[in-house]
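Visitor: First residue of the sequence shown: 1327, per the working numbering; consecutive thereafter.
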Amino acid sequence: MKNFQYYTPTKIFFGSGEEKKVGEILNDFKAKKVLIHYGKSSVIKSGLLDVVKTCLKESQIDFLELGGVEPNPKLSLVEKGIELVKSEDVDFILALGGGSVIDSAKSIAVGALVNHSTWQFSTHEMTPKKAIPLGVILTLAASGSDMSDSCVITNDKTKEKRGFNSPLNRPKFAILNSELTYTVSPYQTACGIVDIMMHTLERFISSGGPTEPTDSIAIGLLKSVYQAGQIVMEHPDNYEARATLLWANSLSHNGLTSCGRNFVMSVHQLEHEVSGMFDEVAHGAGLAVLWPAWAKFAYPNAKDRFKRFVYEVLGIEPTDSLDEDILKGINKFKEFFKELGMPTSLKELKITEDDIKELAFNVTFNHTRIIKDVIEIDEAMALKIYREAL
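In structure tokens form, the structure reads like this:
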């Protein structure tokens, strides 16, 4: 087990009706003027936006709004938010939504306190030194951005999707009421299930040896999501299953399941190029397509990790051939994605052979990087994985 630091400053308010405490919570953080940041219509239709505004008015907190966040959040809206925060002297940002809204808010929070483009954080040309404090009311179990230090933004001019990590990205608080996720569409629910599992699985199946009890936490979380995901797709208003997904969403990406491990999240890197180039592709859908393709190349170098996953999470019965068992598990996981309603090939996402050549070139940042983890991914290996997924 390698040395590590573990830091999770986000205060969680979990359970039914907790969103009605938002005014009180913001007063505790001494917020005076709040930017409420959200997507396009769901928080309006659900009534959450009205609830929040009423709470802020009752708590005598000034606020303004910026909606319009899209999946794969765009730099252009972030820049609009930065201008608004600067001109209106906003001292706190409140994100209502899922990972896209939260990441957009994070980028605004660090970008509003510098005189250069916030995109320079995403390209790692600059490192944030301070940020406007941020809070979250979560409406989708998926990205784990409510407790993570990561922020991923799409540059809508260049079609690049890039992320950066910083302790400043961690929200001050997150309100998690699983009832707010009841109306999420089956497709987006399925995308979220995939994303939660990938955040843990890509940490678990990574380079390095055993890391108990981190490994046991990861296996337990994967089993919980695998089971709850199947329940939710049949019974979308099952409170316990939705609550399981919502809490697992946070734990999967707050660093807990990677303590003592090296990890790169190679499949996430491969997918960011897909949803960056093809804006209509949901992140979870891209992951569902790419992970089985990556796994077929990666498993020979991480058999002990795959062994635990296929036996303990997927329930594959051991035989005399570990290789066959692992491949059976990979195929079973792919079928699980299909049963959720996820695509299982890039062709289903209308991606062509010519497209994957460009994707393979882009994921190496024009031949300037090799992704090093369980397997090394250069342009040639990236092309093999994309072609397998095609």
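All C-beta atoms in this analysis are idealised placements derived from N, C-alpha and C, irrespective of residue type, glycine included.
#1: Alpha helix (DSSP H) containing N1688: first to last residue?
#2: For the segment 1494-1502 and the segment 1583-1592, state whether three or more C-beta atom pairs, one from each stretch, are separated by less than 8 Å.
#3: Alpha carbon to alpha carbon, how far is D1475 from F1447?
#4: Could you tell me how far apart the beta carbons of K1767 and V1639 are, in whole angstroms, since I believe they sit closer than 8 Å?
#5: Put C1477 into one of helix, strand or coil per three-state DSSP.
#6: Let me confirm a value: I1696 is counted as buried when at least 16 other C-beta atoms fall within 10 Å, else exposed. Which label applies?
#7: Determine which residues share a DSSP beta bridge with I1501 and list them.
#8: Does the segment 1465-1473 come close enough to the segment 1424-1440 to have 3 or more Cβ pairs within less than 8 Å?
#9: Report the three-state DSSP secondary structure of A1628 (helix, strand or coil).
#10: What is the residue span of the alpha helix (DSSP H) that G1425 lies within?
#11: Sorted by chain position, which residues of the same chain lie with C-beta nearer than 7 Å to I1667's C-beta, five sequence neighbours on each side aside?
#12: Spatial neighbours of S1584 within its chain, please: C-beta separation below 6 Å, excluding the five flanking residues on both sides.
#13: Give the secondary structure of G1489 by DSSP, where H, G and I count as helix, E and B as strand, and everything else as coil.
#14: Using 7 Å as the threshold, is the C-beta distance between N1564 and I1522 below it?
#15: Between L1502 and the rest of its own chain, which residues show a CB-CB distance below 6 Å, the 5 nearest in sequence each way excluded?
#16: Could you tell me the alpha carbon to alpha carbon distance between G1489 and H1609, rounded to whole angstroms?
#17: According to DSSP, which residues form a beta bridge with K1676?
#18: Just to confirm before moving on: does the CB-CB distance between A1467 and T1507 stay below 7 Å?
#19: Output needed for I1701: all residues of its chain with C-beta closer than 7 Å, excluding positions within five of it in sequence on either side, in chain order.
#20: Could you compute how far the alpha carbon of D1388 sits from the alpha carbon of V1360?
#21: Report all residues from its chain with a CB closer than 7 Å to the CB of L1403; omit the five preceding and five following residues, and keep chain order.
#22: Which residue marks the beginning of the alpha helix (DSSP H) containing D1649, and which one marks its end?
#23: Excluding the five sequence neighbours on either side, which residues of its own chain have a C-beta within less than 7 Å of the C-beta of P1618, listed in chain order?
#24: Apart from the five residues on each side of it in sequence, which residues of its chain come closer than 6 Å, Cβ to Cβ, to N1353?
#25: Determine the burial state of F1691: buried for a count of at least 16 other Cβ atoms within 10 Å of its Cβ, exposed for fewer.
#26: For T1336, decide whether its Cβ has a neighbour in chain D, counting only Cβ atoms nearer than 7 Å.
#27: Looking at C-alpha atoms only, which residue of I1545, I1408, D1605, P1644 is the closest neighbour of L1577?
#28: Have a look at the DSSP bridge pairing and note the partners of L1420.
#29: Based on the DSSP output, what are the partners of L1392 in its beta bridges?
#30: Rounded to the nearest angstrom, what separates A1435 and P1459 at their Cα positions?
Guide: Based on what the coordinates show:
#1: Start and end: 1679-1689.
#2: Cβ pair count under 8 Å is below three, so no.
#3: Spanning the alpha carbons of D1475 and F1447 requires a straight line of approximately 13 Å.
#4: A question about residue 1767 goes unanswered here, because the residues of the chain that appear run from 1327 up to 1716.
#5: Three-state result, C1477: strand.
#6: Exposed is the call here.
#7: Bridge partners of I1501: F1339, I1463.
#8: With three or more CB-CB distances shorter than 8 Å, the segment 1465-1473 counts as touching the segment 1424-1440.
#9: The answer is coil: DSSP assigns A1628 none of H, G, I, E or B.
#10: For G1425, the enclosing alpha helix (DSSP H) starts and ends at 1425-1437.
#11: The sequence given here has Gly at residue 1667, not Ile. Closer than 7 Å at the Cβ level, and outside the excluded window around G1667, lie P1512, Y1513, A1516.
#12: Taking C-beta separations shorter than 6 Å and ignoring five residues to either side along the sequence, the partners of S1584 in its chain run R1529, following chain order.
#13: Note: G1489 maps to strand in three-state DSSP.
#14: Going by beta carbons, N1564 and I1522 fall outside the 7 Å limit.
#15: Within the same chain, L1502 has close Cβ partners F1340, L1464, L1572.
#16: G1489 and H1609: Cα-Cα distance of roughly 13 Å.
#17: Under DSSP, K1676 takes part in no beta bridge, so it has no partner.
#18: The Cβ-Cβ distance between A1467 and T1507 falls below 7 Å.
#19: Result list for I1701: F1623, A1624, N1627, M1707, in chain order.
#20: A straight-line Cα-Cα distance of about 6 Å links D1388 and V1360.
#21: Taken in chain order, the residues that qualify are G1394, V1395, S1430.
#22: That run of the alpha helix (DSSP H) goes 1648-1666.
#23: For P1618, where only same-chain residues beyond five positions count, the Cβ hits under 7 Å are I1656, F1659, K1660.
#24: If we look at N1353 and ignore the five residues flanking it on each side, its Cβ neighbours are S1385.
#25: F1691 is classed as exposed because its beta carbon has fewer than 16 other beta carbons within 10 Å across all chains shown.
#26: This model lacks chain D altogether; it includes just one protein chain.
#27: Closest by alpha carbon: I1545.
#28: L1420 is bridged by DSSP to I1362, G1461.
#29: Residue pairing from DSSP places L1392 in a beta bridge opposite H1363.
#30: Using only the alpha carbons, I get a separation of about 7 Å.
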